[in-house]
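Here is the structure we will look at, set down as structure tokens.
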Amino acid sequence: MSRPGRKSGLNLPRMRRPRASALHGANGSERVKACRIAAGLSCLSACLVLAGCTGAPQPPAPGTESAAGMTTPGAAVASPAPPATQSAATSPVPAAPVVQERLELQLDTPWAAVFLPDGTAVISERGTALLKTVRDGRAATLGKVPGVAPAGEGGLLGLALSPQFDADHYLYAYLTTQDDNRVVRFTVDAGAGGSLSMGLPQTVFSGIPKAGTHNGGRIRFGPDGFLYVGTGDAQRREQAQDPTALGGKILRLRADGSPAPGNPFGNAVYSLGHRNVQGLAWDDTGRLWASEFGPDVDDELNLILPGANYGWPEVTGAPHRAGFQDAKVVWPSTRDSSPSGLEITGGIAYLGALRGERLWAVPLQAEEAGTPVAYFTGEYGRIRDVIRAPGGSLWLLTNGENPDFALVLRPLH
Ligand SMILES: [Ca+2]
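Here the numbering used here is used: position 108 in the sequence shown is 108, and no number is missing along the way.
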């Protein structure tokens, strides 16, 4: 880490320490109270943010379940009707996804996938540290990433393809070692007959805290060409509010691992106050969105702004607390969501839900998010990742099905 805390004036949060949140750690009745308060606000964003507790602005498509239909205590008894919101009139209804193919790949706890320029999928397996390739619906082993020390939620996690892959052949991976979480890169080359081989990894960025849980792990190159890294607080909650610490952050790096130019604190940190960032994706206009696990309440979809503070551990969800950025979507109970992989296509954010065992679709409108709609609830088990494949189909990776598999959804747009 380099210089701490140098402010640039770019959307910097006020670092005031608020009193304890009514939402953080709240019991069911407190959450209901918070929802009712929010429902009475005329602010559009408040209505959208807490759409899950304010009633159904539009009926779900057949075979689907809207967020308002969730059976959480907060949602079920938040009876006061909300004021009419623009979300009902303007939010597009996600087209119902259709499973085109189920790929029985015999995977062991896959975590992420990327697609090579020739369309080959490369999938990471968390516990085995293996990289699997998928061509024509068949899986093969590319190799084992050395140095991985899997434990708990740690292991071989996120993958990102270099934007210059055609020239440098680099595949990036986020992994847990004996000492830390780190980002490495190695080459993937095609040999004779089209067989692929991987080179030895180089460490690009190290020192991200590790733990049995809250390891973060998502990495992705943004439209600006820089590498974004979602970290977890690794059970060191105090790190999340410290702009000089790596836990509980979204980082923004050059391809060589050095801090990207223009970062708000003059170091690798891009945003702070995160608990466990699990998904990163950009919308059509280049806005960054991120999914995040809540504790046992308040899973989040956040719009990420440079230098903004997303609250953890002081607040969770959307409490409208000065100095903290409200989530755009809050799932009051982690039973319904626990969102991991995130993909955005056609103005819709798709989130794979682990504990919720479903695919959430959230229509986005500029900086606001509409009512989440659920698909496949309980049909395929836990969903770890959602990835847009070449040609526009979405791939879903299951988690813990033993063996795990991939679902290919028909292109939606
Ligand atoms: Ca938050």
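Here a beta-carbon is modelled for each residue, glycine too, at the ideal position from N, C-alpha and C.
request  = Counting only the same chain and skipping the five closest in sequence on each side, list residues whose C-beta sits under 8 Å from that of Asp-166.
outcome  = Result list for Asp-166: Pro-117, in chain order.
task = For my contact list, Arg-126 and Gly-155 are in at a C-beta cut-off of 8 Å; report their separation, rounded to the angstrom.
result = 4 Å
key: Gly-279 CB to nearest heavy atom of ligand 1 below 6 Å   = Answer for Gly-279: no, Cβ out of range of ligand 1.
request  = Could you tell me if Ser-124 is buried or exposed, where buried requires 16 or more neighbouring beta carbons within 10 angstroms of its beta carbon?
outcome  = buried
inquiry  = Short of 7 Å in beta carbon distance, which residues of its chain neighbour Gln-106, apart from the five on each side in sequence? Order them along the chain.
reply    = Ala-139, Pro-403
request  = Give the DSSP bridge partners of Phe-221, in chain order.
outcome  = Leu-227
ask   = Could you give the uninterrupted runs of the beta strand (DSSP E) lying entirely in the stretch 120-201, keeping only those of 3 residues or more?
value = 121-125, 130-135, 138-144, 156-161, 170-176, 181-190, 196-198
message = Taking only three categories from DSSP, how would you classify Gln-239?
response = helix
task = Please classify Trp-282: does DSSP put it in a helix, a strand, or coil?
result = Taken through DSSP and simplified to helix, strand or coil, Trp-282 comes out as strand.
ask   = Is the stretch 357-365 touching the stretch 377-389 in the sense that three or more CB pairs, one from each, lie closer than 8 Å?
value = yes
ask   = Does the beta-carbon of Val-373 have 16 or more other beta-carbons within 10 angstroms, so that it is buried, or is it exposed?
value = buried
ask   = Whose C-alpha, out of Val-188, Thr-334, Ala-281, is nearest the C-alpha of His-169?
value = Val-188
query = According to DSSP, is Ala-211 helix, strand or coil?
reply = In the structure shown, Ala-211 sits in coil (DSSP, three-state: anything other than H, G, I, E or B).
Closest residue to Leu-142 among Ile-250, Ala-129, Glu-368, Leu-305 (Cα-Cα distance) = Ala-129
message = Give me, in chain order, the residues of the same chain whose beta-carbon lies closer than 7 Å to that of Gly-391; leave out the 5 immediate sequence neighbours on both sides.
response = Excluding sequence neighbours, Gly-391 sits near Pro-411.
query = Quick one, are the C-beta atoms of Ala-234 and Ala-211 less than 7 Å apart?
reply = yes
query = For Ala-327 versus Pro-339, is the C-beta distance shorter than 7 Å?
reply = no
ask   = Would you call the CB atoms of Asp-298 and Gly-317 closer than 7 Å?
value = yes
task = Rank Gly-400, Trp-395, Glu-401 by C-alpha distance to the C-alpha of Gln-100 and give the top, closest one.
result = Checked all of Gly-400, Trp-395, Glu-401; the closest Cα to Gln-100 is Trp-395.
message = Under DSSP, the beta strand (DSSP E) around Lys-249 begins and ends at which residues?
response = 249-253
key: Closer than 6 Å to ligand 1: residues, by C-beta to nearest heavy atom, in chain order   = Counting every residue whose Cβ lies closer than 6 Å to a heavy atom of ligand 1, we get Glu-300, Tyr-310, Gly-311, Trp-312, Thr-316, Ala-327.
request  = Reducing DSSP to helix, strand and coil, say where Val-93 ends up.
outcome  = coil
task = Under 8 Å Cβ to Cβ from Ser-393, same chain only, skipping five residues before and after it: list those, please.
result = Gln-100, Val-408, Leu-409, Arg-410, Pro-411
request  = Work out the CA separation of Gly-294 and Arg-275 for me, nearest whole Å.
outcome  = 7 Å
message = By alpha-carbon positions, which one of Tyr-172, Gly-207, Gly-232 ends up nearest to Asp-477?
response = Nothing about residue 477 can be reported from this structure: the residues present for the chain run from 1 to 413 only.
inquiry  = Quick check: the stretch 300-320 against the stretch 209-224, are at least 3 beta-carbon pairs closer than 8 Å?
reply    = no
ask   = Roughly how many whole angstroms lie between the Cα atoms of Ala-406 and Gly-137?
value = 10 Å
Within 7 Å, strictly: CB atoms of Thr-203 and Val-229 = no
Candidates Ala-281, Ile-344, Gly-378: closest to Asp-336 by CA position = Gly-378
task = Reducing DSSP to helix, strand and coil, say where Asp-108 ends up.
result = Correct three-state label for Asp-108: coil.
request  = May I ask you to report which of helix, strand or coil DSSP gives Val-315?
outcome  = Assignment of Val-315 by DSSP, reduced to helix, strand and coil, places it in the coil class.
message = Output needed for Asp-242: all residues of its chain with C-beta closer than 8 Å, excluding positions within five of it in sequence on either side, in chain order.
response = Leu-272
ask   = Asn-399 lies in the beta strand (DSSP E); which residues open and close that run?
value = 394-399
request  = Report the rounded CA-to-CA distance for Leu-253 versus Leu-161, giving the unit in angstroms.
outcome  = 14 Å
message = Assuming Gln-365 is part of the beta strand (DSSP E), what are its boundary residues?
response = 358-365
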